[in-house]
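Below is one structure, written out as structure tokens; the observations come after it.
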Amino acid sequence: MNRDQSAVADEQPLASAEPIADPILEVDHLIMNYRTKDGPVSAVQDVSFSVGRGESLGLVGESGCGKTSIALSLMRLLPDNAEVQNGKIILDGENILDLDDEAMRQTRWDDIAMVFQGAMNSWNPVYRVGDQIREAIDLHWDVKPTVVEANARIAELFELVGLDPSMADRYPHEFSGGMKQRAVIAMALSCDPKVIIADEPTTALDVIVQEQVLEELRSIQHEFGMSIIYISHDIAVIAEITDHLGVMYAGKLVEHGETADVFARPRHPYAWLLLSSTPSVTGPKLQLSPLEGEPPNLVNPPTGCRFHPRCPFATDQCSAEEPPMEEIAPGHTVACWNHEQVPEMETSRA
Amino acid sequence: MTDTAIPPGDLVPDEDINVPEESLWRIRLRLFGSTMRKNWSIFSRNRLGVVGVLFVGFFGFLAILQPILMATVWSDQKDIYDPVVGHDSVILSKTVVPDGEVEDSLSQMSFTEAMIAGEFFPEEGMIIEVPIAPAPPNVKHFLGTDPFGRDILSQLMKSSQAAFTLGVIAAVSAVTLATLVGSVAAYYGGWIDSSLMRLADLILLLPLLPLLIVIGSFWDVGLVQLGLLIGILAGLGGTAIILKSQALSVKVKPFNDAARVAGGSNWHIISRHIIPNVLPLSFLYMMFEVTGAIFLEATLSFFGLLSIPMSWGIMINTAHTQGYTLFGLRAWWLLFPAGLSVTLFAAGFFLIGRAMDEVVNPRLRAR
Amino acid sequence: MARYLGTRLIQMFFLFIVFLTILFFLINAQPGDISQQFTANPLIPPEAKQILRARLGIDKPLGVQYLLYIKNVFMLDLGVSFDHYPRTVTSILLSALPRTVYLFLTATILAYLVGFQTGKMTAWSRGSLAEKGTMVTSIILYTVFYPWFSLLMLWFFGAALGWFPIGKFLDPQKWFDSPYTANAVFAAMLGTMFLSGLAVGLIYWGTHKWIIEPQQRTRARRILLLLFSVAVIVYWVVSPMSVYAADIAYHTVLPVTTLTLVFYAAITLLTRSSMLETMTEDYIFTARAKGVPEKAIRDRHAARNAMLPVTTSFVLAIAFVIGGGIVTESIFAWPGLGLALLSAVQTEDVPVAMGALAFIGILALFAHLIADILYAVLDPRIRVKA
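Chains A, B and C are the protein sequences, given in the same order.
Here the numbering used here is used: position 282 in the first sequence is 282, and no number is missing along the way.
Just so we're on the same page, the numbering used here is the position in the second sequence counted from 1, plus 1000.
Just so we're on the same page, the numbering used here is the position in the third sequence counted from 1, plus 2000.
Encoded structure:
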């Protein structure tokens, strides 16, 4: 968390009170389960959010909170035992859940692309990296380019992500981890998608490379006006590069707002605990308040608010009724009965 | 008086907890039992694996049945029912046809043959009763007799015994050797590893059948010798390579370092930690070894190169060398029971092996 | 790549020496020595025995014998046959070799081509009826007792249906006044096979190197392959050898089919397992995310990678195919190396038996080398150093 964010937090929040106009992506009451032999697992429970054009949204949460499930739903790459029970996913005006398989296949990568986590194995070991990118280009560009034209574009993309263009003729095993990750980004950009989903893009990388990759993503986003959805469990990463932030817990979106706002003043107990548990290197030594308990069993989720068993502010109402998403400040929504109880962050964090 | 550091929180027990005394081997037995039950439930989900068990069980039954029958039902007819030296001529009716018009020698005989049989003035269409071998199945011999008059069913059962003997010897010796070789190679690494693996490469390359053909013809090779031979050659070959990589994956687990730090000797670590973790895979490959060994023995017997009293391969060899192959279905009892037995016996172990593969290798389980 | 090849060749060489050593010990582990074959008659004076022993070189110390043996093998002097005296072992085996190679090659290539396709499609349509049917058939074919199966095939297609000749590899009556020897025709057939393989390889390599656009490349390949096929067909139609070649080919159908069927089943099962493993890899997910159509994912991504373990397995399968080849030759009276070995063993013709073993060993090593090369071609991780 750098000082730029905190400076912004001191001023009046800039977010407008109305919902985002003309969003590029709108998720509307998405409900998704996995069928398992133990019963249906409620992975995404009534999640709604929007992403504006040229904006970046971050989704944070623990493993199993549903963020990857949302990513897979957006690309309709869910495994066979997954079922979308309800909801809409509207990409640039079109509900992609209604598309047939062939239409969705053409939409993938062309309109919405993905940067995977652990790009180590995302590359087919027997083909050259450039050829694999060209495969995507040949599938989606409106006018199929010649090999020479496609390679020229690939060279441009490589330079954009900081790779030597001649590497496109090499095989994946000749790339280092960081290079592979950058190549994945290049491939994601190759068809000029409207939205990019970056699922833990830097988890497998060391810190220095992490910085570089994030820097590149941010500059690409600003240059091309692309919308990016970042998915991570690493809050530090999210803080640096997103405009908006959504906190997920057990399949539900529990807090959503501009990143600066949420960081400065988290209103949901889970978010608050999450942010309080990150020690500051430069600040004074403070008591950590760790999160007690374990993530809930999604076959039998807790009644009412799914967080209540671990919540220090829980009341009887919490176990009885699920709290709805409420706007408690302009552009900042929270799903908690007792959000008033959540204290300010320690000042040295702001 | 040193203060034992008391960790924060509730980690110090309030009072002495009673740890029940249960001997180590009891615990191991119990764990073994529960693991076996769990493995069986996974195993039995694979229907083909259960079929395999049925096949093997059937032949086990046959193998045990033979001495019982010999001792009871057939005890007074040993010279008829003995699979190797027994002999029985079953009386069969044959129709006489003119010389040169015999189409089916099992049901027809020529004039010349009739005369030899004692009928000096044969006429076409006459029916003569003649003791013959091989005889088709009848009440006395459920599967008929072979060209030498021996009871086929008895032969089948005796061959089951031979098959099990061979299979067990070959499989156990092969896998014991392969487990040892693999574990030692994985544990010590270095030149021990490379030389063992080079040896395994060479053995993989050796075409086993031709070699055994030559060996079988130079020396008298019996069941036990063959089993050991196959076992040693197989054990040092491909299986060793596979088990070694399994041992490698076990070796790098931290508990080995822990054992070594605690003062465990090399052999202790190999025998107590590495080998037990390789064993499931070893058992798996034992199944495939049996399949391979049976096929080798049957093929060698088929060529007549082994010194075994009776086996399925020998039964097929007898039928083939006496010229009954092209009779096909008309002399079905000569070829089909034996051939089917080898197939089903080997298939049984193969299917068991595949089903065990799902137990040992969770990735292969169907969702 | 060249370095990889060079290393393998040297390894092969050493392995062959070790193999020969084993053979040498096998020969000498027998009680007595080879000269006793000829001198069993007690009336032969001991001096004659001594001369014979000197002639056969057995009077020299074992170490010297060993070195002489190795040298002789490399000079292709494998001795003289006992049974077919005075033909040399080498001449017997060299005339038998092409027939075994033909059987081996045809069965292997067919089994791999068809088996791989079947295994690939079966794995992709997991759970369908076709998959279950293929699996059952494959398991049955794979576990059936091969000699018995061959006997059944011989009986059913040869005797019962009468579609194919029962054994041997040519019909002597047709060859009565042939100007060609069987081996000459065989050599021509084998030569065609090798040339075709070489040509296909060259066409693919050349077009890959010099033509960049995929559509042009595919078109060029089709044209070149067509031209080559036409050339081969014209050659054979015009050549007077074709009648005899057809006779031989007719005789190969049954033995090749029998060997191929069993091998094919094994390959199908193996490919299926390999595909199932490959299908769980991350890059398959990537391909789907990129919007690659299903068939292309199956063929370009999954199958291409599943090929690698299947090629490795070929190394293990070599012994299996050779063994199966021997049984096939025996049952169908196909006069190749296997039959030579078997009859030599039955008539105690030691030089021929040993020579046949050595030849079979060479064949196995060669096949191993080809498999290694193929694997290096298919897997860039071996070919290209990071």
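Note that the Cβ used here is the ideal one computed from N, Cα and C, for glycine as well.
Tell me whether the beta-carbon of residue i lies closer than 8 Å to the beta-carbon of residue j.
| i | j | result |
| --- | --- | --- |
| residue 2354/C | residue 2070/C | no |
| residue 2263/C | residue 2107/C | yes |
| residue 195/A | residue 25/A | yes |
| residue 2104/C | residue 2310/C | no |
| residue 54/A | residue 225/A | yes |
| residue 209/A | residue 178/A | yes |
| residue 1278/B | residue 1250/B | yes |
| residue 2335/C | residue 2169/C | yes |
| residue 2258/C | residue 2150/C | yes |
| residue 1200/B | residue 1241/B | yes |
| residue 338/A | residue 313/A | yes |
Assign residue i to one of three DSSP states: helix, strand, or coil.
| i | result |
| --- | --- |
| residue 2380/C | helix |
| residue 248/A | strand |
| residue 24/A | coil |
| residue 114/A | strand |
| residue 1166/B | helix |
| residue 341/A | helix |
| residue 1245/B | helix |
| residue 1094/B | strand |
| residue 1038/B | helix |
| residue 2070/C | helix |
| residue 309/A | helix |
| residue 302/A | coil |
| residue 294/A | coil |
Within a Cβ cutoff of 7 Å, which residues of the same chain sit near residue i, ignoring the five residues on either side of it in sequence?
| i | result |
| --- | --- |
| residue 1162/B | 1223, 1308, 1310, 1311 |
| residue 1212/B | 1296, 1300 |
| residue 1112/B | 1099 |
| residue 2008/C | 2369, 2372 |
| residue 63/A | 233 |
Taking 8 Å as the CB-CB limit, is residue i close to chain A?
| i | result |
| --- | --- |
| residue 2348/C | no |
| residue 2305/C | yes |
| residue 2291/C | yes |
| residue 2309/C | no |
Taking 8 Å as the threshold (beta carbon to beta carbon), is residue i in contact with chain B?
| i | result |
| --- | --- |
| residue 2147/C | yes |
| residue 2427/C | With chain C running from 2001 to 2386 in the structure shown, residue 2427/C is simply not present. |
| residue 2341/C | yes |
| residue 2008/C | no |
In terms of residue numbering, what span does the alpha helix (DSSP H) encompassing residue i cover?
| i | result |
| --- | --- |
| residue 2014/C | 2002 to 2029 |
| residue 2120/C | 2089 to 2124 |
| residue 1284/B | 1275 to 1302 |
| residue 227/A | Careful: residue 227/A lies outside any alpha helix (DSSP H), inside the beta strand (DSSP E) at 227 to 232. |
| residue 2176/C | Where residue 2176/C is concerned, there is no enclosing alpha helix (DSSP H), given that its DSSP letter is neither H nor E. |
| residue 2335/C | That residue, residue 2335/C, is in no alpha helix (DSSP H); it is neither H nor E in DSSP. |
Hey, quick one: how far does the beta strand (DSSP E) through residue i stretch, first residue to last?
| i | result |
| --- | --- |
| residue 1370/B | Not covered by the structure: residue 1370/B. The range shown for chain B is 1001 to 1367. |
| residue 199/A | 195 to 199 |
| residue 56/A | 56 to 60 |
| residue 49/A | 39 to 51 |
| residue 87/A | 82 to 91 |
I want to see whether chain C comes within less than 8 Å of residue i, judged by CB atoms only; does it?
| i | result |
| --- | --- |
| residue 171/A | yes |
| residue 110/A | yes |
| residue 81/A | no |
| residue 1303/B | yes |
| residue 1318/B | no |
| residue 174/A | yes |
| residue 1298/B | yes |
| residue 1392/B | With chain B represented from 1001 up to 1367, any question about residue 1392/B goes unanswered, as that position is not in the structure. |
Give me, in chain order, the residues of the same chain whose beta-carbon lies closer than 6 Å to that of residue i; leave out the 5 immediate sequence neighbours on both sides.
| i | result |
| --- | --- |
| residue 1220/B | 1307 |
| residue 1366/B | Caution applies to residue 1366/B, whose pLDDT of 48 falls short of 50 and renders its modelled position unreliable; the model cannot decide the point. |
| residue 2379/C | 2308 |
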